[in-house]
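Peer 1: Pasting a structure here, questions to come.
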Amino acid sequence: MISALVLAVALSSPAPSPPAAHAEEQHDSGHGSPAEILMHHVLDRPLGLPGHADYGGLHFEPTRHLLFFVIVSGLVLLVVRLALRSYRAGVPAGLGSAVEGLVLFIRDDIAEQNIGHDGRKFVPLLCSFFFFILIAALFGLLPFSATSTGNISVTMGLAVVSFAAMQYAGISKYGVVHHFTGMIPPGLPKWLVPIMIPVEIVGLFTKPMALMIRLFANMLAGHMVITVLLMLIPIMAAIHLAFGVVTIPISLGLALFVMLLEVLVAFIQAYIFTLLSAIFIGMFAHPAH
Amino acid sequence: MDSKALAYFAAGIGAGLTIIGGAAGIGRLAAAAMEGIARQPNAAADIRGAMIVAAGLIEGISFVSLIVGLLLVLLK
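Given below as structure tokens:
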């Protein structure tokens, strides 16, 4: 069930690449201003793979982030399958116990705590979010790879799925009309209600948008810091070779420290995305009255 | 000053101001968490979890202004 929903999340968030960004960033041999090299490293780039489509003004092409999105989704499915296979007579071993620990944590402390007694329906979705974001972030630390959640299209896809889950939670329990009228808290004076309606509607959209920007900016900023620290070496070497050599251990040490911090941030951001999705779903499944 | 120079200037000042707010907020949060753990050591795990969540939310807000700064620098 988890795998079906991971696949649904993966297929529901395509990552089209805007053509304007690629017209400016040609894959040169690495010469260019530091800002260009930084952006070249961190932003999305089309690969030379076959297959593209043009619909209207959008140009779809396999890009780095999309490739790693697919690889990470496959890896999540693989990890879950291997974990399931390690069950012997109902007791998991090794990878299975790690995955089971995380799934139980999501079920008990995130889903049931925030959504209540019908939280079990949403556990597969929340597990999909958590494992995908975690493994995408950890995968992006390997050399020659890219963090697919560092692309705003990918995080927008995740936020759209979260938004759909929030609406599903409210509409399936209360029906369309009552779901929307139930957003206005009861017991308000009459003149306040016309003000609350646009506030609630805007709030409906800003919550997933905040999720999207938070995850995207965390992943992007982490990779930019690592790239900038490593780029200090050629910058200092351009001034004088000795400076460059001296900068190597400092820069590598700092970059290693920031990579370790990125591992921690990966866990925290996956947890926060999942937790906030669960809180918002709970807000619509159990409104104030 | 032409507009590009103003944009860089604004991005730098914006980043600095943001980090003041973010660091002040997280500093207060960490102080309150330390005090709570000192008063009740057996609630340390709960307090730590709540602290991490709140720190993540505050950082999320500060990252929004990071994006604004990046847009100022990178767009023409």
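If you read the protein sequences in the order shown, they are chains C and S. Residue 88 is where the first sequence starts when you use the working numbering, and the numbers rise one by one after that. Residue 46 is where the second sequence starts when you use the working numbering, and the numbers rise one by one after that. The C-beta atom is built at its ideal place from N, Cα and C for all residues, glycine as well. Note that the structure is a prediction, hence the values are computed from the model and not measured.
Could I get the ranges of all uninterrupted beta strand (DSSP E) runs contained in the segment 287 to 329 of chain C, with 3 residues as the minimum, in chain order?
Peer 2: Qualifying beta strand (DSSP E) stretches: none in this window.
Peer 1: List, in order along the chain, the chain S residues whose C-beta lies closer than 8 Å to that of residue 356/C?
Peer 2: Within the first sequence, numbered from 1, the residue matching residue 356/C stands at position 269. Simply 101.
Peer 1: Using three-state DSSP, classify residue 180/C as helix, strand or coil.
Peer 2: The count along the first sequence starts at 1 and reaches residue 180/C at position 93. The answer is coil: DSSP assigns residue 180/C none of H, G, I, E or B.
Peer 1: For residue 147/C, which beta-bridge partners are listed by DSSP?
Peer 2: Locating residue 147/C in the first sequence gives position 60, where the first residue counts as 1. Beta-bridge pairing links residue 147/C to 140/C.
Peer 1: Which residue's Cα is closest to the Cα of residue 270/C: 250/C, 370/C, 134/C and 139/C?
Peer 2: By 1-based counting over the first sequence, the position of residue 270/C is 183. Of the listed residues, the one whose Cα sits closest to residue 270/C is 370/C.
Peer 1: Is the beta carbon of residue 354/C closer than 8 Å to that of residue 221/C?
Peer 2: Locating residue 221/C in the first sequence gives position 134, counting from the first residue. Locating residue 354/C in the first sequence gives position 267, counting from the first residue. Taking 8 Å as the Cβ cut-off, residue 221/C and residue 354/C qualify as a contacting pair.
Peer 1: Taking Cβ-Cβ distances shorter than 9 Å, what residues in chain C pair up with residue 92/S?
Peer 2: Mapped onto the second sequence, residue 92/S falls at position 47. In chain order: nothing, as chain C lies at least about 15 Å away.
Peer 1: Go through its chain and collect everything with a Cβ distance to residue 324/C's Cβ below 6 Å, but skip five positions before and after it.
Peer 2: By one-based count along the first sequence, residue 324/C stands at place 237. Answer for residue 324/C: 331, listed in chain order.
Peer 1: For chain S, find out if any of its Cβ atoms is closer than 8 Å to the Cβ of residue 194/C; answer yes or no.
Peer 2: Against the first sequence, residue 194/C aligns to sequence position 107. Taking Cβ atoms only, chain S never reaches closer than 8 Å to residue 194/C, which makes this a no.
Peer 1: I want to verify the contact list: residues of chain S whose CB lies under 8 Å from the CB of residue 300/C, in sequence order.
Peer 2: For the purposes of this step, residue 300/C is identified with residue 213 of the first sequence, where counting begins at 1. Within 8 Å Cβ-Cβ: 105, 108, 109 and 112.
Peer 1: For the alpha helix (DSSP H) that contains residue 132/C, what are its first and last residues?
Peer 2: Working through the first sequence from its first residue, we reach residue 132/C at position 45. No alpha helix (DSSP H) holds residue 132/C; DSSP gives it neither H nor E.
Peer 1: Note down the Cα distance separating residue 295/C from residue 281/C, rounded to an integer number of angstroms.
Peer 2: Position 208 of the first sequence, counted from the start, is the residue given in the question as residue 295/C. Position 194 of the first sequence, counted from the start, is the residue given in the question as residue 281/C. The straight-line gap from Cα to Cα measures roughly 23 Å.
Peer 1: Of the residues 272/C, 373/C, 352/C and 372/C, which one's Cα is nearest the Cα of residue 217/C?
Peer 2: Translated into positions along the first sequence, residue 217/C becomes position 130. Ranking 272/C, 373/C, 352/C and 372/C by Cα distance to residue 217/C puts 352/C first.
Peer 1: Just to confirm the assignment, what range does the alpha helix (DSSP H) spanning residue 240/C have?
Peer 2: Taking the first residue of the first sequence as 1, we reach residue 240/C at position 153. Unbroken alpha helix (DSSP H) run through residue 240/C: 239 to 261.
Peer 1: Along the alpha helix (DSSP H) that carries residue 54/S, what are the first and last residues, could you check?
Peer 2: Here residue 54/S refers to the residue found at position 9 when the second sequence is read from its first residue. Per DSSP, residue 54/S belongs to the alpha helix (DSSP H) from 48 to 84.
Peer 1: Strictly below 7 Å CB to CB, what residues from chain S border residue 362/C?
Peer 2: Along the first sequence, read from residue 1 onward, the residue named residue 362/C stands at position 275. Result: 98.
Peer 1: Specify the secondary structure class of residue 111/C as computed by DSSP and reduced to three states.
Peer 2: Mapped onto the first sequence, residue 111/C falls at position 24. Interpretation of residue 111/C is limited by its pLDDT of 35, a score under 50 that renders its predicted location unreliable; the figure taken from the coordinates is listed afterwards. Helix.
Peer 1: So with CB distances below 9 Å, who are the chain S contacts of residue 337/C?
Peer 2: As a position in the first sequence, residue 337/C is number 250, starting the count at 1. Result: empty, since nearest Cβ-Cβ is about 22 Å, beyond 9 Å.
Peer 1: Check whether the Cβ atoms of residue 225/C and residue 312/C lie closer than 8 Å to each other.
Peer 2: Numbered from 1 along the first sequence, position 138 holds the residue referred to as residue 225/C. Numbered from 1 along the first sequence, position 225 holds the residue referred to as residue 312/C. Contact: no.
Peer 1: Can the beta-carbon of residue 328/C be found less than 8 Å from the beta-carbon of residue 197/C?
Peer 2: If you number the first sequence from 1, residue 328/C lands on position 241. If you number the first sequence from 1, residue 197/C lands on position 110. Going by C-beta atoms, residue 328/C is not nearer than 8 Å to residue 197/C.
Peer 1: Determine, for residue 246/C, whether the minimum Cβ-Cβ distance to residues of chain S falls below 8 Å.
Peer 2: Within the first sequence, numbered from 1, the residue matching residue 246/C stands at position 159. Judged by the 8 Å Cβ criterion, residue 246/C is not in contact with chain S.
Peer 1: For residue 99/S, which residues from the same chain have a beta carbon less than 6 Å from its beta carbon, with the 5 sequence-adjacent residues on both sides left out?
Peer 2: Taking the first residue of the second sequence as position 1, residue 99/S is located at position 54. Hits under 6 Å: 74.
Peer 1: Could you give the C-beta distance for residue 121/C and residue 318/C, rounded to a whole number, given that I count them as a contact under 8 Å?
Peer 2: For the purposes of this step, residue 121/C is taken as residue 34 along the first sequence, with counting starting at 1. For the purposes of this step, residue 318/C is taken as residue 231 along the first sequence, with counting starting at 1. Between residue 318/C and residue 121/C the Cβ distance is about 6 Å, and since that is below 8 Å, they are a contact.
Peer 1: Would you verify that the beta carbon of residue 353/C is, or is not, closer than 8 Å to some beta carbon of chain S?
Peer 2: Here residue 353/C corresponds to residue number 266 of the first sequence, with the count starting at 1. Not one chain S Cβ lies under 8 Å of residue 353/C.
Peer 1: Tell me whether the segment 230 to 238 of chain C and the segment 150 to 159 of chain C touch, counting them as touching only if at least three CB pairs, one residue from each stretch, are closer than 8 Å.
Peer 2: Segments in contact, yes.
Peer 1: Going by alpha carbons, who is nearest to residue 260/C out of 360/C, 326/C and 374/C?
Peer 2: Looking up residue 260/C in the first sequence gives position 173. For residue 260/C, the nearest C-alpha among the options comes from 374/C.
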